[in-house]
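Note sheet for the following structure.
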Amino acid sequence: MTGSLPSAEELYAHLKDALSEKLQGTDPANTYLVGIYSGGAWLARRLCGDLNLPNQPGTLNTSLHRDDFSRIGLHSQTQPSHVPFEVEGAHIFLIDDILFTGRTIRAALNELYDYGRPASVRLGVLIDRGGRELPIAPDICGGVLPLPRGSNYVLAADDDSRFTLTMEEEPRHV
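Residue numbers (UniProt numbering): 1 to 174.
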């Protein structure tokens with residue numbers, strides 16, 4: 001990828017506006033955001049505050065549901081899932097930072113269904129980078145920024161929940 005990266009705050013504004021539109025006509029008492037640890041959790045928490053949503057967001061840890069767990073191992077800073085509402089019959093917006101292969105989303109759906117059967121699940125992501133290995137697509141997206149394998153976007157949040165975006169190259173094994 002050449003040139004500078006787009007502002008994470010601008011991408012967040014697009015995601016927030018798209019979510020606000022999707023929320024029109026929904027029952028706020030039965031609609032929840034659930035963020036995937038860690039970037040999706042940061043996004044869900046800030047979206048709930050910025051959009052004045054009445055319900056606290058949930059957080060999912062997908063580590064134990066990943067199909068590549070034996071290859072990549074457990075994240076060293078793992079947090080447990082926290083879903084502070086009844087999932088059964090709820091309308092849920094699953095929020096993540098970077099959509100790549102779709103495997104994290106598949107794992108998140110498995111984890112979410114451990115809590116019950118929601119009425120609906122929609123997907124919102126800050127960035128869709130392409131490279132899907134599973135038939136998963138976002139309902140709302142801050143931006144589509146293709147990136148080749150071997151490179152990754154990394155979202156960070158400061159103490160004021162302001163976002164920054166960087167790009168990292170994966171180390172080459174010789």
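Cβ coordinates follow ideal geometry from the N, Cα and C atoms, glycine included. For clarity, every value in this text was computed on a predicted model and none was experimentally measured.
- For the pair Asp128 and Leu43, the CB atoms are not nearer than the 8 Å cut-off.
- In the DSSP assignment, Tyr115 falls outside any alpha helix (DSSP H) and carries neither an H nor an E.
- The continuous beta strand (DSSP E) containing His91 extends over residues 91-99.
- Ile140 is bridged by DSSP to Gly124.
- For Arg149, the number of other beta carbons within 10 angstroms of its own is below 16, and it is reported as exposed.
- Counting along the chain, the unbroken alpha helix (DSSP H) around Glu10 starts and ends at 8-23.
- Straight through space, the alpha carbons of Ile95 and Glu111 are spaced by roughly 14 Å.
- In the structure shown, Thr104 falls within a helical segment according to DSSP collapsed to helix, strand and coil.
- Rounded to the nearest angstrom, the gap between the Cα atoms of Tyr37 and Thr62 is 8 Å.
- Taken atom to atom, the span from the alpha-carbon of Ile92 to that of Asn55 is near 11 Å.
- Two segments are said to touch when three or more pairs of C-beta atoms, one from each, lie closer than 8 Å; by this definition the region 115-127 touches the region 82-92.
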